[in-house]
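Asker: Each residue of the sequence shown is one higher than the last, beginning at 66 in our numbering. Positions of the beta carbon are idealized from the N, C-alpha and C atoms, including for glycine. All values derive from a computational prediction rather than experimental measurement.
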Amino acid sequence: MLAADLRVGIIGTDTSHATAFTKILNDPTAQDHVAGAHVVAAYQGGSADIEESRSRVEKYAAELPAFFIVSQVEIASGEIAGGSPAPGMEGLRIRAERAHGKKCERCWNYSTHVGESADYPTLCERCLKAIDEIERDGPIRAGSASL
């Protein structure tokens with residue numbers, strides 16, 4: 066298999082390693098990037114016997130949309146209706162569908178939270194946090210020590 070064809074799956078999303086490895090593998094400018102490799106799937110997991118492992122899965126799974134460059138990722142256990150088998154990853158099924166919610170006019174991600182803010186009704190929750198920070202701290206100006 067050529068590196069250009071290397072599709073990687075992350076097994077276990079209960080530690081920061083899942084997101085750290087995904088960043089390295091999906092960023093061609095990263096020092097330890099493997100040429101041609103991309104993380105294309107993640108298996109939600111961890112150790113069912115260790116409470117810390119079980120409780121952290123959702124936290125790290127929430128970071129997956131940014132890595133897959135999609136608006137939403139849902140990780141489910143069990144059979145997925147309409148899911149397709151992931152080649153080379155036995156037991157993993159993937160289903161793609163239109164994201165829920167409305168499109169944020171700032172970042173273009175779809176979110177079910179667009180429209181919740183009276184001040185910025187066309188922004189998602191992530192962009193609202195960014196706008197709040199800008200309004201609180203003020204914009205960063207070229208040549209400032211904050212850059």
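In this structure, does DSSP put R201 in helix, strand or coil?
Answerer: As a first step, residue 201 must be located in the sequence shown, where it is residue number 136. R201: helix per DSSP, three-state reduction.
Asker: Under the three-state reduction of DSSP, which class applies to I115: helix, strand or coil?
Answerer: For this step, residue 115 is matched to residue 50 along the sequence shown. Coil at I115, not helix or strand.
Asker: Between the C-alpha atoms of A95 and I89, what's the straight-line distance to the nearest angstrom?
Answerer: Position 30 of the sequence shown, counted from the first residue, corresponds to residue 95. Position 24 of the sequence shown, counted from the first residue, corresponds to residue 89. The alpha-carbon atoms of A95 and I89 are separated by roughly 6 Å.
Asker: Return the CA-CA distance between H165 and N174, expressed in angstroms with no decimal places.
Answerer: As a position in the sequence shown, residue 165 is number 100, starting the count at 1. As a position in the sequence shown, residue 174 is number 109, starting the count at 1. Each residue's Cα considered, the two are about 10 Å apart.
Asker: Using only the alpha-carbon positions, how far apart do A195 and T84 sit?
Answerer: What you label residue 195 is simply residue 130 of the sequence shown in a count that begins at 1. What you label residue 84 is simply residue 19 of the sequence shown in a count that begins at 1. Roughly 22 Å separates the two Cα atoms.
Asker: According to DSSP, is S136 part of a helix, a strand, or is it coil?
Answerer: The residue labelled residue 136 in the question sits at position 71 within the sequence shown. Coil, per DSSP.
Asker: Short of 7 Å in beta carbon distance, which residues of its chain neighbour H98, apart from the five on each side in sequence? Order them along the chain.
Answerer: Taking the sequence shown and counting its residues from 1, one reaches residue 98 at position 33. In chain order, I89, L90, D92 place their CB closer than 7 Å to the CB of H98, counting only its own chain and leaving out the 5 sequence neighbours on each side.
Asker: Which term fits G87, buried or exposed, when burial requires 16 or more other beta carbons within 10 angstroms of its beta carbon?
Answerer: Mapped onto the sequence shown, residue 87 falls at position 22. The question names Gly, yet the displayed sequence has Thr at residue 87. Buried: at least 16 other Cβ atoms inside 10 Å.
Asker: Take G180 and list the residues in its own chain whose beta-carbon comes closer than 7 Å to its own, dropping the five residues that flank it on each side.
Answerer: As a first step, residue 180 must be located in the sequence shown, where it is residue number 115. Cβ within range, chain order: K167, P186.
Asker: Straight-line CA distance for S136 to P130?
Answerer: Here residue 136 refers to the residue found at position 71 when the sequence shown is read from its first residue. Here residue 130 refers to the residue found at position 65 when the sequence shown is read from its first residue. CA-CA distance, S136 to P130, rounds to 6 Å.
Asker: Does DSSP put E182 in a helix, a strand or coil?
Answerer: Position 117 of the sequence shown, counting from 1, holds the residue named residue 182. It is worth fixing the name first, because residue 182 is Ser in this sequence and not Glu. In the structure shown, S182 sits in coil (DSSP, three-state: anything other than H, G, I, E or B).
Asker: If you draw a straight line from the C-alpha of E200 to the C-alpha of L188, how long is it?
Answerer: Taking the first residue of the sequence shown as 1, we reach residue 200 at position 135. Taking the first residue of the sequence shown as 1, we reach residue 188 at position 123. In a straight line, the C-alpha of E200 is about 15 Å away from that of L188.
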